[in-house]
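*Asks:*
If you want it as structure tokens, here you go:
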């Protein structure tokens with residue numbers, strides 16, 4: 078397969094945007110990280126907050142036998158799972174994502190918890206910050222990382238920990254992530270599998286921060302007033318200097334190749350083959366399976382159309398300046414029959430969108446840009462337009478691509494030929510030189 082250079086493809090995308098993706102992509106960089114002391118104060122006040130949707134009781138059947146970060150019998154169910162309870166199987170599938178992410182894989186749990194806390198600072202999310210602080214306090218290494226973040230002095234940390242936190246910060250501030258020089262430093266401490274895992278941590282926490290802030294989730298009193306118990310799930314820390322292909326990796330790849338033949342999967346008809354995003358994800362097969370299963374399970378309850386889903390992800394990807402995902406969305410919309418004239422109009426402004434599409438797109442852009450800015454009015458407009466489940470669908474699709482943009486463009490994944498050819502056919506745009514790109 079012929080693959081185009083990353084920057085050349087980015088130049089193509091920059092010619093599309095009616096927003097200003099380069100400016101939008103740096104939205105977090107202009108906002109200083111919120112201090113942990115400030116977030117702790119906000120978390121205490123958020124105990125009595127009213128969520129923007131109904132939260133299922135902690136005793137609900139949806140939480141029975143669910144994998145959890147909390148010890149069995151504690152009765153503790155975090156509000157982000159209670160918010161998902163109307164969708165069968167979704168709380169359990171997302172709980173599995175969190176367990177695999179934080180307490181599985183190839184990187185110490187404390188490092189990923191600290192990354193999550195740093196991202197909560199950047200997004201101003203007292204909800205996620207409170208959860209991450211609680212788990213960091215369970216180990217000596219966690220307390221060391223927490224102290225460094227509290228004092229805003231990362232130089233006291235060992236080099237690998239500091240690089241992980243800087244990686245999370247850089248990739249949260251822009252989907253394009255660290256510079257080549259900075260990325261080379263990260264490679265000095267982490268192998269490919271670990272880098273994919275760290276990038277997925279950025280993806281998941283960018284999802285969770287937006288989800289919790291858009292819904293104004295109350296901070297659970299038990300998070301602030303009871304100590305956490307460290308889950309007894311050891312990370313599989315590597316001894317080799319390179320990431321070895323595991324049995325799970327080979328099996329997952331084989332399973333995904335077989336799934337590509339399923340005509341019920343919409344993207345199987347796009348002509349992409351085994352997408353490069355999946356090729357990268359396979360470096361962490363357990364986490365990849367957990368993440369993809371969560372998405373598949375959630376979509377079974379969704380009521381918004383596939384075209385609406387793509388309009389939302391297109392808006393988020395474009396606002397973030399994400400080359401890889403933008404090309405995929407244009408391909409998907411074209412395969413669904415969206416006219417070339419509408420896609421051309423969307424190059425200029427939002428006038429070609431339906432009223433429903435415009436509501437979804439405006440919500441998605443705002444949440445992608447500044448998670449802590451969401452208001453009751455923002456979500457009520459979404460609910461009035463789409464209904465209770467439809468509003469949740471729009472929110473989850475927005476969160477998914479606000480996170481996954483950082484995976485695909487953060488790792489500089491090359492676009493597949495089919496996506497590039499479709500983009501050129503739609504917009505009659507050839508590759509441009511990259512001399513003016515930063």
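Numbering (this note's numbering), first residue to last: 78 to 515. No residue lacks a Cβ here, since even glycine has one placed at the ideal position from N, Cα and C.
1. Which stretch, first to last residue, makes up the alpha helix (DSSP H) that contains residue 480?
2. Going by DSSP, what residue range makes up the alpha helix (DSSP H) through residue 433?
3. Just to confirm before moving on: does the CB-CB distance between residue 290 and residue 449 stay below 8 Å?
4. Answer with buried or exposed for residue 168, where buried requires no fewer than 16 other C-beta atoms within 10 angstroms of its C-beta.
5. For the pair the region 391-410 and the region 362-374, tell me if three or more CB-CB distances fall below 8 Å.
6. Using a 10 Å radius around the Cβ and a threshold of 16 neighbouring Cβ atoms, would you call residue 475 buried or exposed?
7. Run through DSSP, which three-state label would residue 397 get?
8. Return the Cβ separation of residue 426 and residue 440 in integer angstroms, given the expectation that the two are a contact with Cβ distance under 8 Å.
9. Look at the alpha carbon of residue 406 and the alpha carbon of residue 120, and state the distance between them as a whole number of angstroms.
10. Considering only residues of the same chain and omitting the five flanking positions on each side of residue 357, which have a CB-CB separation below 7 Å?
11. How do the region 124-144 and the region 293-300 stand: do at least 3 beta-carbon pairs fall below 8 Å, yes or no?
12. How long is the line joining the alpha carbons of residue 104 and residue 150, rounded to whole angstroms?
13. Taking residue 246 as the reference, which of 158, 280, 366 and 228 has the closest Cα?
14. Return yes when the Cβ of residue 111 is within less than 8 Å of the Cβ of residue 193, no when it is not.
15. Counting C-beta neighbours from all protein chains within 10 Å, is the total for residue 464 16 or more, i.e. buried, or is it exposed?
16. Inspect the beta-carbon positions of residue 350 and residue 493 and report whether they are closer than 8 Å.
17. For residue 420, tell me which candidate among 140, 391 and 180 has the shortest Cα-Cα distance.
18. Where in the region 183-231 do unbroken runs of the alpha helix (DSSP H), each at least 4 residues long, occur, reported from the N-terminal end onward?
19. With DSSP as the reference, label residue 99 as helix, strand or coil.
*Replies:* Quick answer:
1. Position 403 of the chain shown holds residue 480. Where residue 480 is concerned, the enclosing alpha helix (DSSP H) stretches over 453-485.
2. In the chain shown, the residue the question calls residue 433 occupies position 356. Here the alpha helix (DSSP H) through residue 433 covers 432-446.
3. Stepping through the chain shown from its first residue, residue 290 is reached at position 213. Stepping through the chain shown from its first residue, residue 449 is reached at position 372. In contact: residue 290 and residue 449 (Cβ atoms closer than 8 Å).
4. As a working note, residue 168 is residue 91 in the chain shown. When all chains shown are included, residue 168 counts as buried.
5. no
6. The residue labelled residue 475 in the question sits at position 398 within the chain shown. Buried, because 16 or more other Cβ atoms sit within 10 Å of the Cβ of residue 475.
7. As a working mapping, residue 397 is identified with position 320 in the chain shown. In the displayed model, residue 397 falls within a helix according to three-state DSSP.
8. Within the chain shown, residue 426 is the residue found at index 349, counting from 1. Within the chain shown, residue 440 is the residue found at index 363, counting from 1. Rounded, the Cβ-Cβ distance is 17 Å, inconsistent with contact.
9. For this step, residue 406 is matched to residue 329 along the chain shown. For this step, residue 120 is matched to residue 43 along the chain shown. Taking the straight line from one Cα to the other gives about 37 Å.
10. Start at 1 with the first residue of the chain shown, and residue 357 comes out as number 280. Answer for residue 357: 273, 488 and 490, listed in chain order.
11. yes
12. Looking up residue 104 in the chain shown gives position 27. Looking up residue 150 in the chain shown gives position 73. Since pLDDT at residue 104 reaches only 45, below the 50 mark, its modelled position is unreliable, and no value is offered.
13. On the chain shown, position 169 is the one that residue 246 refers to. Per the Cα distances, 280.
14. In the chain shown, the residue the question calls residue 193 occupies position 116. In the chain shown, the residue the question calls residue 111 occupies position 34. Not in contact: residue 193 and residue 111 (Cβ atoms no closer than 8 Å).
15. In the chain shown, the residue the question calls residue 464 occupies position 387. Residue 464 is classed as exposed because its beta carbon has fewer than 16 other beta carbons within 10 Å across all chains shown.
16. Working through the chain shown from its first residue, we reach residue 350 at position 273. Working through the chain shown from its first residue, we reach residue 493 at position 416. Note that the C-beta distance between residue 350 and residue 493 is below 8 Å.
17. Translated into positions along the chain shown, residue 420 becomes position 343. Scanning 140, 391 and 180 for the CA closest to the CA of residue 420 turns up 391.
18. Secondary structure remark: continuous alpha helix (DSSP H) runs of at least 4 residues inside the region 183-231, in chain order: 186-200, 203-213 and 217-228.
19. The residue given as residue 99 occupies position 22 in the chain shown. With a pLDDT of 38 at residue 99, under the threshold of 50, the modelled position of that residue is not reliable, and no figure is offered here.
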